[in-house]
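To keep things clear, I will list the structure first and then write my remarks on it.
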Amino acid sequence: IDMQIISLTSPGVQVMPKDQATAFAAHANDILAEGCRKHPTRFAGLAAVAPQDAGAAAKELERGVNTLGLKGAIVNSHTFGEYLDDEKFFPLLEAAEALDTPIYLHPQAPWKTMSAPFLECGLDGAIYGFGVETGLHLLRMITTGVFDRFPKLTVVVGHLGEALPFWMYRLDYMH
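All you need for the numbering used here is the position in the sequence shown, starting with 1, plus 1.
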């Protein structure tokens, strides 16, 4: 591995109250940027943002990219059970599109209203629940027109596309 992208992953700041999350994201980004500056040929970073306050998240993404030299943002899937297809999160999406920088949609555990069937069988974590929840998030963004509204927005998902590529025929055919 020559270069590694590092970031604050699940659950990140998305489990914190809005003001605390915004402040913690900025602090985490300062520490991350310092580490990247010390090892610029080995590390690059994705800015933590707090979607709880989409306006502040947009400003932190701008600061992360323009001032700290970070390469995009990480959003740890849902924020208290809410997804980026909700218009209240659009300031963050607008900023990412304007900066021409990606948002990495990282998995986290399903929200409590959807977690019971996963917990009953031990499928709530990385074994299955993370991918299903993150795939749902991305699919919501696709089907609700987020990418029509923000055609230059780049969203990255890992883990083989959180299973969505395997359903492409069905998604194209049925939706």
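No residue lacks a Cβ here, since even glycine has one placed at the ideal position from N, Cα and C. Here the structure is a predicted model, which is why all the values come from computation and not from measurement.
### Query
Which residue or residues does DSSP assign as beta-bridge partners of T1?
It is not possible to answer for residue 1, since the shown part of the chain is limited to 2 through 176.
### Query
What's the C-alpha gap between G73 and C122?
For G73 and C122, the distance between alpha carbons rounds to 35 Å.
#### Entry: Beta-carbon proximity list for V156, same chain, < 6 Å, skipping 5 on both sides
Within the same chain, V156 has close Cβ partners I104 and L106.
### Query
Does the Cβ-Cβ distance between A96 and A59 come in under 8 Å?
Yes; because the gap between Cβ atoms is below 8 Å, this pair is in contact.
### Message
Taking the alpha carbon of F25 as the reference point, which residue from L33, A34 and V14 has its own alpha carbon closest?
### Response
For F25, the nearest C-alpha among the options comes from V14.
### Task
Spell out a yes or no on whether the region 115-133 and the region 87-94 are touching, meaning 3 or more CB-CB pairs, one atom from each, closer than 8 Å.
Contact between the region 115-133 and the region 87-94 is absent: fewer than three C-beta pairs spanning the two stretches fall below 8 Å.
### Task
Note the first and the last residue of the continuous beta strand (DSSP E) segment covering L94.
No beta strand (DSSP E) contains L94, which is instead part of the alpha helix (DSSP H) from F91 to L100.
### 6 Å Cβ shell around A48 - same chain, five flanking residues per side excluded
Around A48: N30, L62, G65, L71 and A74.
### Message
Between which residues of its own chain and T114 is the CB-CB distance below 7 Å, once the five residues before and five after are set aside?
### Response
Setting aside the 5 residues that flank it on each side, T114 is surrounded in the same chain by G82, each with a C-beta closer than 7 Å to its C-beta; the list follows chain order.
#### Entry: Between the CA atoms of L154 and T102 - distance to the nearest angstrom
So the alpha carbons of these two residues sit roughly 8 Å apart.
### Delimiting residues of the alpha helix (DSSP H) encompassing G123
No residue range can be given for G123, since it is assigned to no alpha helix (DSSP H) and is classified by DSSP as neither H nor E.
### Where the alpha helix (DSSP H) containing A55 begins and where it ends
It spans A55 to N67 - the alpha helix (DSSP H) in which A55 sits, taken as one unbroken run.
#### Entry: DSSP three-state assignment for V156, whether helix, strand or coil
Looking at V156 - three-state DSSP - the assignment turns out to be strand.
### Unbroken alpha helix (DSSP H) run spanning F25, endpoints
Per DSSP, F25 belongs to the alpha helix (DSSP H) from K19 to K39.
### Message
Whole angstroms are fine: how far does the CA of L161 sit from the CA of P41?
### Response
Answer to the nearest angstrom: the Cα atoms are 27 Å apart.
### Query
In the structure shown, what three-state DSSP assignment does G146 receive?
Here G146 carries a coil assignment [DSSP, helix/strand/coil].
#### Entry: When I143, D20, G136 and F167 are compared against D87, the one with the closest alpha-carbon
Measuring from the Cα of D87, the nearest candidate turns out to be I143.
#### Entry: Element boundaries [alpha helix (DSSP H), containing Y174]
Its alpha helix (DSSP H) spans residues M169 to M175.
### Query
For P108, is the classification buried or exposed, using 16 other Cβ atoms within 10 angstroms of its Cβ as the cut-off for buried?
So P108 counts as buried.
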